[in-house]
Ligand SMILES: O=C(O)Cc1cc(O)ccc1O
Ligand SMILES: [Fe+2]
């Protein structure tokens with residue numbers, strides 16, 4: 001499935017982060033503390049005397065358009081497109097925006113995001129711990145006689161309470177259960193340098209592991225600017241089907257395997273065992289191009305929420321958003337058969 005860019009509400013329609021949060025797909029159940037949800041946020045207005053906390057799990061934010069100025073109980077975070085942030089279960093936050101704002105959220109119900117084990121990569125590489133930033137304590141001692149609204153997502157539904165003072169009244173904190181942000185530009189890319197196409201797990205920024213060794217509940221993977229240098233290889237993503245669900249989004253630029261139709265602020269979902277791969281244009285280009293070192297994805301940031309769970313799409317994702325691209329399959333239709341049983345190596 002593929003979606004055109006989700007619409008951000010126009011300026012005459014005032015929508016804050018809470019009102020603009022929509023669930024596209026998911027699996028599992030927050031009641032059983034097992035599963036994930038993928039949301040988008042589409043808003044244009046700051047949350048005023050209003051905060052939100054998620055009782056169901058942890059949120060990984062991937063802003064695509066517009067800066068997020070986030071006040072949390074632990075302090076403030078400014079998160080721009082091409083940065084990500086994680087706000088864990090239970091932490092109250094309020095989001096100010098500067099105009100039309102859009103982004104993606106991966107929510108995990110079971111466990112926390114962590115850096116992937118680096119195995120033979122060793123001590124450093126991919127997302128380095130030094131580049132993750134946590135806020136410093138910030139507080140306000142502010143009475144709000146008209147009421148400060150506290151909204152929570154609990155078992156997938158929103159509930160609201162009012163209190164007479166700002167909840168951002170934490171003067172100091174210690175420990176490691178705190179929100180954090182990370183700039184995707186700092187990702188240290190590792191890739192194949194001789195032949196073959198590496199599994200995109202080599203681009204894992206953060207993972208949420210399951211109890212099964214080697215199986216992630218969800219990985220957050222990026223396709224960053226890099227060199228392609230492999231010889232004797234079809235360099236773009238291979239045609240494949242696999243045991244994971246792949247939800248992809250585009251922060252900026254053009255994804256190499258789908259230069260047309262997959263636009264910033266849109267998305268695609270390749271479900272478990274559904275075959276997919278590069279479009280016709282990419283296939284022809286990569287099959288006929290000279291294999292000299294080339295830059296890939298300059299000015300681009302595509303990402304994938306890859307999960308071992310089988311995702312169901314919500315009514316909002318299928319109908320309400322009105323963004324499903326029913327012509328997606330056409331990008332593969334011109335592909336021709338190239339097999340010649342009489343061909344012999346020279
Ligand atoms: O399908 C996709 O575009 C994502 C993807 C990229 C890649 O380089 C290899 C496998 C894969 O699923
Ligand atoms: Fe894929």
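Residue numbers (full-length UniProt numbering): 1 to 346.
Quick reminder that beta carbons are idealized off the backbone N, C-alpha and C, glycines included.
Every value quoted in this text rests on a predicted model; they were computed, and no experiment measured them.
### Query
Can you tell which of 304, 228 and 217 has the C-alpha that lies nearest to the C-alpha of residue 247?
Stepping through the chain shown from its first residue, residue 247 is reached at position 247. For residue 247, the closest alpha carbon among the candidates 304, 228 and 217 is that of 304.
### Query
Does any heavy atom of ligand 1 sit closer than 6 Å to the C-beta of residue 347?
Here the chain covers residues 1 to 346 and nothing more, so residue 347 does not appear.
### Message
Rounded to the nearest angstrom, what separates residue 89 and residue 47 at their Cα positions?
### Response
Counting from one through the chain shown, the residue named residue 89 turns up at place 89. Counting from one through the chain shown, the residue named residue 47 turns up at place 47. One C-alpha to the other measures close to 19 Å.
### Task
Go ahead and label residue 80 buried or exposed: buried means 16 or more other beta carbons lie within 10 angstroms of its beta carbon, across all protein chains shown.
Position 80 of the chain shown, counting from 1, holds the residue named residue 80. Note on residue 80: under 16 other CB atoms within 10 angstroms of its CB, so exposed under the neighbour-count rule.
### Query
For the candidate residues 260, 179, 312 and 228, whose alpha-carbon lies nearest to that of residue 77?
Looking up residue 77 in the chain shown gives position 77. Nearest Cα to residue 77 within the set 260, 179, 312 and 228: 179.
### Query
Measuring CA to CA, which of 170, 99 and 218 is closest to residue 12?
To locate residue 12, count along the chain shown from 1; it is residue 12. Of the candidates 170, 99 and 218, the residue whose Cα lies closest to the Cα of residue 12 is 99.
### Query
Does DSSP put residue 290 in a helix, in a strand, or in coil?
Taking the first residue of the chain shown as 1, we reach residue 290 at position 290. Here residue 290 carries a coil assignment [DSSP, helix/strand/coil].
### Cα-Cα separation, residue 45 to residue 38
The residue labelled residue 45 in the question sits at position 45 within the chain shown. The residue labelled residue 38 in the question sits at position 38 within the chain shown. When rounded, the distance between both Cα atoms is 22 Å.
### Message
So, for residue 108: in the same chain, excluding its five sequence neighbours on each side, which residues have a beta-carbon less than 7 Å away from its beta-carbon?
### Response
Translated into positions along the chain shown, residue 108 becomes position 108. Taken in chain order, the residues that qualify are 36, 57, 58, 208, 217 and 218.
### Message
residue 55 and residue 168 - do their beta-carbons sit closer together than 7 Å?
### Response
The residue you call residue 168 lines up with position 168 of the chain shown. The residue you call residue 55 lines up with position 55 of the chain shown. Cβ distance not < 7 Å, so residue 168 and residue 55 don't count as in contact.
### First through last residue of the beta strand (DSSP E) which encompasses residue 116
Start at 1 with the first residue of the chain shown, and residue 116 comes out as number 116. For residue 116, no beta strand (DSSP E) run applies, since DSSP gives it neither H nor E.
### Query
Run through DSSP, which three-state label would residue 220 get?
Sequence index remark: in the chain shown, residue 220 carries index 220 (1-based). Under the three-state reduction of DSSP, residue 220 is assigned to strand.
### Query
Among 116, 307 and 284, which has the Cα closest to the Cα of residue 337?
Position 337 of the chain shown, counted from the first residue, corresponds to residue 337. The shortest Cα separation from residue 337 among 116, 307 and 284 belongs to 284.
### Query
What whole-angstrom Cβ distance do residue 266 and residue 301 have, given they're in contact under 8 Å?
Here residue 266 refers to the residue found at position 266 of the chain shown. Here residue 301 refers to the residue found at position 301 of the chain shown. Their Cβ separation, rounded to whole angstroms, is 14 Å, which puts residue 266 and residue 301 out of contact at 8 Å.
### Query
Can you give the Cα-Cα distance for residue 312 and residue 136, rounded to whole angstroms?
In the chain shown, counting from the first residue as 1, residue 312 sits at position 312. In the chain shown, counting from the first residue as 1, residue 136 sits at position 136. A direct Cα-to-Cα measurement between residue 312 and residue 136 gives close to 39 Å.
### Query
Taking the alpha carbon of residue 298 as the point to measure from, which residue in 256, 272, 34 and 315 has its own alpha carbon closest?
Taking the first residue of the chain shown as position 1, residue 298 is located at position 298. Residue 298 has its Cα closest to that of 256, out of 256, 272, 34 and 315.
### Query
Do residue 85 and residue 61 have their C-beta atoms within less than 7 Å of each other?
Residue mapping note: residue 85 aligns to position 85 of the chain shown, counting from 1. Residue mapping note: residue 61 aligns to position 61 of the chain shown, counting from 1. Cβ atoms of residue 85 and residue 61: closer than 7 Å.
### Query
Taking contact to mean at least 3 C-beta pairs separated by less than 8 Å, is the stretch 112-119 in contact with the stretch 7-21?
Taking 8 Å as the limit for Cβ pairs, the verdict is that the stretch 7-21 does not touch the stretch 112-119.
### Query
Is the Cβ-Cβ distance between residue 331 and residue 279 less than 7 Å?
By one-based count along the chain shown, residue 331 stands at place 331. By one-based count along the chain shown, residue 279 stands at place 279. Contact flag set, yes.
### Query
In this structure, does DSSP put residue 53 in helix, strand or coil?
Residue 53 sits at position 53 when you count from the first residue of the chain shown. In the three-state scheme derived from DSSP, where H, G and I count as helix and E and B as strand, residue 53 is classed as strand.
### Query
DSSP three-state call for residue 207: helix, strand or coil?
If you number the chain shown from 1, residue 207 lands on position 207. Three-state result, residue 207: strand.
### Message
For residue 282 and residue 236, what's the separation of their Cα atoms in angstroms?
### Response
Counting from 1 along the chain shown, the entry for residue 282 is found at position 282. Counting from 1 along the chain shown, the entry for residue 236 is found at position 236. Each residue's alpha carbon lies about 8 Å from the other.
### residue 123 CB to nearest heavy atom of ligand 1 below 6 Å
Locating residue 123 in the chain shown gives position 123, counting from the first residue. Checking every heavy atom of ligand 1 against the Cβ of residue 123, none is found closer than 6 Å.
### Proximal residues to residue 2 (C-beta, below 6 Å), its chain only, five neighbours per side dropped
By 1-based counting over the chain shown, the position of residue 2 is 2. The beta carbon of residue 2 is closer than 6 Å to those of 268, 325 and 328 in its chain, skipping five residues each way along the sequence.
### Query
When every heavy atom of ligand 1 is checked, does at least one fall within less than 6 Å of the C-beta of residue 218?
Numbered from its first residue, the chain shown carries residue 218 at position 218. No, ligand 1 has no heavy atom inside 6 Å of this Cβ.
### Query
Using a Cβ-Cβ cut-off of 6 Å (strictly less than) and excluding sequence neighbours within five positions of residue 289, which residues of its own chain qualify?
As a position in the chain shown, residue 289 is number 289, starting the count at 1. Cβ contact annotation for residue 289 (same chain, cutoff 6 Å, sequence separation greater than five): none.
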